[in-house]
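These notes are about the structure you will find just below.
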Amino acid sequence: MVDYHSAGQPCPAGTGHNGDYMAQEDDWDRDLLLDPAWEKQQRKTFTAWCNSHLRKAGTQIENIDEDFRDGLKLMLLLEVISGERLPKPERGKMRVHKINNVNKALDFIASKGVKLVSIGAEEIVDGNAKMTLGMIWTIILRFAIQDISVEETSAKEGLLLWCQRKTAPYKNVNVQNFHISWKDGLAFNALIHRHRPELIEYDKLRKDDPVTNLNNAFEVAEKYLDIPKMLDAEDIVGTLRPDEKAIMTYVSCFYHAFSGAQKAETAANRICKVLAVNQENELLMEDYEKLASDLLEWIKRTIPWLEDRSPQKTIQEMQQKLEDFRDYRRVHKPPKVQEKCQLEINFNTLQTKLRLSNRPAFMPSEGKMVSDINTGWQHLEQAEKGYEEWLLTEIRRLERLDHLAEKFRQKASIHEAWTEGKEAMLTQKDYGSATLSDVKALLRKHEAFESDLAAHQDRVEQIAAIAQELNELDYYDSPSVNARCQKICDQWDVLGSLTHSRREALEKTEKQLETIDELHLEYAKRAAPFNNWMESAMEDLQDMFIVHTIEEIQGLIAAHDQFKSTLPDADKEREAILGIQREAQRIADVHGIQVAGNNPYTSVTPHIINSKWERVQQLVPKRDRALLDEQSRQQSNEHLRRQFAGQANIVGPWIQTKMEEIGRISIEMNGTLEDQLSHLKEYERSIVEYKPNLDLLEQQHQLIQEALIFDNKHTNFTMEHIRVGWEQLLTTIARTINEVENQILTRDAKGISQEQMQEFRASFNHFDKDHGGALGPEEFKACLISLGYDVENDRQGDAEFNRIMSLVDPNNSGIVTFQAFIDFMSRETTDTDTADQVIASFKVLAGDKNYITAEELRRELPPEQAEYCIARMAPYAGPDAAPGALDYKSFSTALYGESDL
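Per the numbering used here: the sequence shown = residues 1 to 901.
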């Protein structure tokens with residue numbers, strides 16, 4: 001005899017708590033079973049349940065307590081629902097044959113861990129309805145309900161929890177049991193609508209119309225879900241408490257009908273998640289490649305422009321080049337600085353996402369690594385620095401060239417004016433018919449000319465020196481300068497030769513001349529150097545000057561004041577010279593001597609002396625005004641220097657202080673990661689709000705450059721230093737924010753708690769002795785030992801440490817960053833999707849086959865991701881391949897970098 005009531009019996013192996021449930025739930029009241037309403041419900045439900053399985057074998061039953069009496073259909077039912085073969089049945093018609101067949105069925109049930117008590121083969125053969133229904137309920141429990149498991153609950157509790165979870169969102173549905181909770185029919189409709197919403201119009205159902213609700217659910221389940229109608233709506237509604245076993249049997253069919261779809265949905269969701277991550281990463285890779293290509297192309301175009309050192313002929317052309325360079329610094333470069341920073345941030349974010357999704361690291365195309373971009377950027381900034389220095393040097397050179405060229409033209413014009421007519425004077429034969437006194441006068445006059453000629457030798461040498469300097473400085477109009485200089489030098493040689501020849505001629509006749517006017521001679525001797533002094537003074541007073549500092553202009557003013565202090569003595573000398581001429585005339589008048597109108601010894605007449613002295617007197621105030629104007633300009637320049645220095649001495653230390661504060665913040669990192677991120681972003685906003693101070697400094701720097709001011713002793717900060725410091729400050733805060741965002745990504749993706757993250761940070765900072773944000777190998781080993789890793793200095797410990805170092809420092813840089821440390825610790829403490837999990841998911845979608853078809857992918861996955869798989873899966877080449885078969889295993893391993901698609 002078999003008793004399916006056995007309470008308190010131990011659970012068979014593999015049944016978990018199901019044995020207890022069966023022992024409790026199967027202790028059904030035989031008196032209640034005889035209740036006509038319940039018996040009718042059980043007969044209909046159990047019969048329909050048996051037929052839902054027997055039809056797979058091409059048969060069915062009509063009367064549940066009659067059709068199982070010979071044991072044949074009972075054995076067939078057990079074979080269908082278990083998938084196993086039972087012993088061969090006996091085909092005889094005698095009672096003993098029937099009893100033997102039923103016993104074989106009961107023995108098979110017992111072999112599945114069910115201890116049956118009080119049910120014997122004789123009672124089944126005799127058609128005992130009560131025992132037959134109890135036996136079928138035992139089979140239903142074992143094969144339809146026992147294996148149901150939801151969140152560590154099984155059998156009845158598991159099935160009830162499943163129903164509650166699926167119907168929780170629906171109004172007017174509250175499943176608490178397997179009897180009255182189902183009377184209004186809404187729970188059945190909710191189960192169907194939850195899994196197949198297109199089959200049920202749930203909002204149109206009414207709680208006060210249970211018969212319609214029940215029939216609707218039964219008909220839809222039979223028509224679309226292949227669940228036979230096991231209950232009558234009228235019976236359920238007409239019974240105070242519907243039969244629990246009938247309801248459980250029918251509901252279990254829904255669970256089994258939908259459990260396959262649930263697995264497929266879970267598998268599809270897993271694949272969708274993996275593919276979505278892969279697609280997102282591919283888009284990030286494409287964006288990185290494009291941004292890197294554009295930035296490198298811009299650098300490639302810009303460097304030749306910055307390396308072009310073709311000099312221009314004029315200051316205006318070079319100033320235009322300087323203006324173009326300013327536009328480049330103000331307009332063209334800042335967006336590229338931002339792009340470079342964003343490129344590094346995108347690259348770090350992509351690598352973090354790849355690590356979090358257990359994907360291989362992203363390797364950009366050749367020549368597009370972040371290091372390649374940094375190298376190109378360094379070349380750009382080197383060329384940029386050299387270009388600005390060259391521009392300023394070139395402007396200074398051209399400014400000096402213009403000054404020298406003007407000085408050359410001025411001195412050459414003065415000299416050419418002086419030499420005009422000198423050749424004719426030296427070649428005339430005026431002494432041929434002259435008296436002795438005239439000859440003596442001519443000789444004295446010639447001596448005065450030689451004195452004047454010697455005085456002009458310095459000017460000729462200055463003209464030649466200026467021309468030589470213009471040639472050395474590569475003056476663009478050097479040919480015309482050289483030609484003019486050569487003409488002056490040639491003329492000077494001719495004048496020297498003619499002077500020598502005239503002296504020889506005069507000396508030949510000197511012996512014939514006896515009378516000499518000493519006064520005229522003295523006049524000539526004193527008038528000539530004084531005249532030369534006046535010419536030099538006029539030349540100096542008209543000489544152009546260029547200064548760069550207030551001290552230089554003050555030196556010129558002091559020299560000019562010194563010159564003005566000599567004017568009273570010069571005026572006395574002028575009066576003395578003019579007194580000589582007046583004395584000679586007085587003597588001639590006294591003695592009745594006829595004196596020629598001009599001094600025979602010099603061409604410098606009193607009129608000339610007075611005219612030049614008047615010219616000197618006019619030039620002195622003009623020189624005063626020019627020097628005062630230049631002094632005013634230099635004072636303005638000094639004001640610009642002090643104004644710039646005052647602002648630069650504020651902005652420069654501020655940038656340095658902020659850089660140091662960011663370094664401390666990145667090491668201390670107090671509070672949660674979100675607090676740190678919020679604090680850093682607020683810090684970044686405060687830095688950005690400081691930008692107007694930098695703009696003001698740029699405006700002041702532009703005024704300095706426009707004023708051609710090239711040095712500033714009031715500050716050690718240049719605009720270039722401040723620009724570089726500002727760019728480094730923005731880049732550093734952006735990188736620090738990105739590190740915290742990546743830590744948040746790592747924490748959320750890996751499920752790391754805030755306490756763990758703080759513990760990781762504390763451990764890292766403890767061993768980061770120099771606060772450099774990175775650990776050396778020995779520091780990292782000490783950190784691992786403190787965390788419990790066995791990496792002591794032995795062969796096994798060294799091998800384990802080398803393995804860990806290959807994970808946290810794949811590039812052998814010799815340092816371990818905090819991000820690499822977090823990634824390693826997250827991998828050690830959390831789990832991620834693996835290639836094997838994805839392969840298992842694809843296998844579910846493929847119905848346990850070793851390949852999958854395009855049709856199955858399109859049916860189970862969203863269109864975009866289905867096409868993504870079809871385009872990348874290789875044809876399956878196994879021995880069981882079917883037409884159109886695709887290899888999902890190699891595709892899955894390729895997603896994790898274990899092989900190539």
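All C-beta atoms in this analysis are idealised placements derived from N, C-alpha and C, irrespective of residue type, glycine included.
Assuming residue i is part of the alpha helix (DSSP H), what are its boundary residues?
{"i": "L807", "result": "R795 to V808"}
{"i": "D695", "result": "K691 to E706"}
{"i": "D836", "result": "A835 to L845"}
{"i": "E198", "result": "Counting along the chain, E198 falls outside any alpha helix (DSSP H), and DSSP gives it neither H nor E."}
{"i": "P600", "result": "Element bounds for P600: n/a, residue is neither H nor E."}
{"i": "L680", "result": "L673 to V688"}
{"i": "R335", "result": "Per the sequence shown, residue 335 should be read as Pro rather than Arg. First-last of the alpha helix (DSSP H) with P335: K333 to L356."}
{"i": "V80", "result": "L72 to S82"}
{"i": "P777", "result": "P777 to S786"}
{"i": "L857", "result": "A854 to E860"}
{"i": "A105", "result": "R95 to S111"}
{"i": "L916", "result": "Lying before the first or after the last residue shown, residue 916 is absent from the chain, which here runs from 1 to 901."}
{"i": "I124", "result": "A121 to V125"}
Does the beta-carbon of residue i have 16 or more other beta-carbons within 10 angstroms, so that it is buried, or is it exposed?
{"i": "N811", "result": "exposed"}
{"i": "M1", "result": "Confidence at M1 is low in this model, with a pLDDT of 29, below 50, so its placement is unreliable and the value that follows should be read with caution. The residue in question, M1, is exposed, as its Cβ has fewer than 16 Cβ neighbours within 10 Å."}
{"i": "G185", "result": "buried"}
{"i": "W305", "result": "exposed"}
{"i": "Y896", "result": "buried"}
{"i": "G725", "result": "buried"}
{"i": "L354", "result": "buried"}
{"i": "F545", "result": "exposed"}
{"i": "P621", "result": "exposed"}
{"i": "K88", "result": "exposed"}
{"i": "S365", "result": "exposed"}
{"i": "N531", "result": "buried"}
{"i": "G555", "result": "exposed"}
{"i": "S371", "result": "exposed"}
{"i": "D910", "result": "Missing from the structure shown is residue 910; the chain here goes from 1 to 901 and no further."}
{"i": "G8", "result": "A caution first: G8 carries a pLDDT of 29, below 50, which makes its placement in the model unreliable, though a value can still be read off. Exposed, since its Cβ has fewer than 16 Cβ neighbours within 10 Å."}
{"i": "T314", "result": "exposed"}
{"i": "D65", "result": "buried"}
Please confirm if residue i has its CB atom under 9 Å from at least one CB of chain B.
{"i": "L78", "result": "Reference to chain B is not applicable here, since this structure consists of a single protein chain."}
Between which two residues does the beta strand (DSSP E) carrying residue i extend?
{"i": "D887", "result": "A885 to D887"}
Would a C-beta distance cut-off of 9 Å place residue i and residue j closer than the cut-off?
{"i": "A774", "j": "I804", "result": "no"}
{"i": "L343", "j": "A405", "result": "no"}
{"i": "Y288", "j": "K368", "result": "yes"}
{"i": "R444", "j": "L521", "result": "yes"}
{"i": "R69", "j": "D107", "result": "no"}
{"i": "L231", "j": "F218", "result": "yes"}
{"i": "E855", "j": "A846", "result": "no"}
{"i": "N693", "j": "W654", "result": "yes"}
{"i": "E244", "j": "F178", "result": "yes"}
{"i": "F842", "j": "S892", "result": "yes"}
{"i": "I463", "j": "K411", "result": "yes"}
{"i": "L191", "j": "T212", "result": "no"}
{"i": "E339", "j": "L380", "result": "no"}
If residue i sits next to residue j, beta carbons under 8 Å apart, how far is it from one beta carbon to the other, in whole angstroms?
{"i": "T248", "j": "L159", "result": "The question names Thr, but residue 248 in the sequence shown is Met. So it is a contact: roughly 7 Å between Cβ atoms."}
{"i": "T419", "j": "A528", "result": "Contact doesn't hold; Cβ gap of about 16 Å is too wide."}
{"i": "R623", "j": "L541", "result": "5 Å"}
{"i": "Q42", "j": "N51", "result": "The pair is not a contact, with the Cβ atoms about 14 Å apart (cut-off 8 Å)."}
{"i": "P228", "j": "E222", "result": "6 Å"}
{"i": "I662", "j": "I553", "result": "That belief does not hold up - the Cβ atoms of I662 and I553 are roughly 45 Å apart, past 8 Å."}
{"i": "L807", "j": "F824", "result": "6 Å"}
Run the proximity test for residue i: is its beta-carbon closer than 8 Å to any non-hydrogen atom belonging to the ligand PLP?
{"i": "L787", "result": "With respect to the ligand PLP, the structure shown offers nothing to examine, as it has no ligands at all."}
Practice task
Say whether the stretch 679–691 touches the stretch 724–743, bearing in mind that this needs 3 or more beta-carbon pairs closer than 8 Å, one atom from each stretch.
Solution key: yes
Exercise for the section: Determine, using beta-carbon pairs with one atom in the stretch 202–222 and one in the stretch 175–185, whether at least three such pairs fall under 8 Å. Expected result: yes
Practice task
Count the C-beta pairs between the stretch 557–568 and the stretch 645–656 that are closer than 8 Å, then say yes if the count reaches three, no if not.
Solution key: no
Exercise for the section: Taking 8 Å as the threshold, find out whether the stretch 773–790 comes into contact with the stretch 815–827 through three or more Cβ pairs. Expected result: yes
Handout entry: Three-pair Cβ contact test at 8 Å for the stretch 322–342 versus the stretch 235–253
Key = no
Practice task
Assess, as a yes-or-no matter, whether the stretch 860–880 is touched by the stretch 271–280 under the definition of 3 or more beta carbon pairs within less than 8 Å.
Solution key: yes
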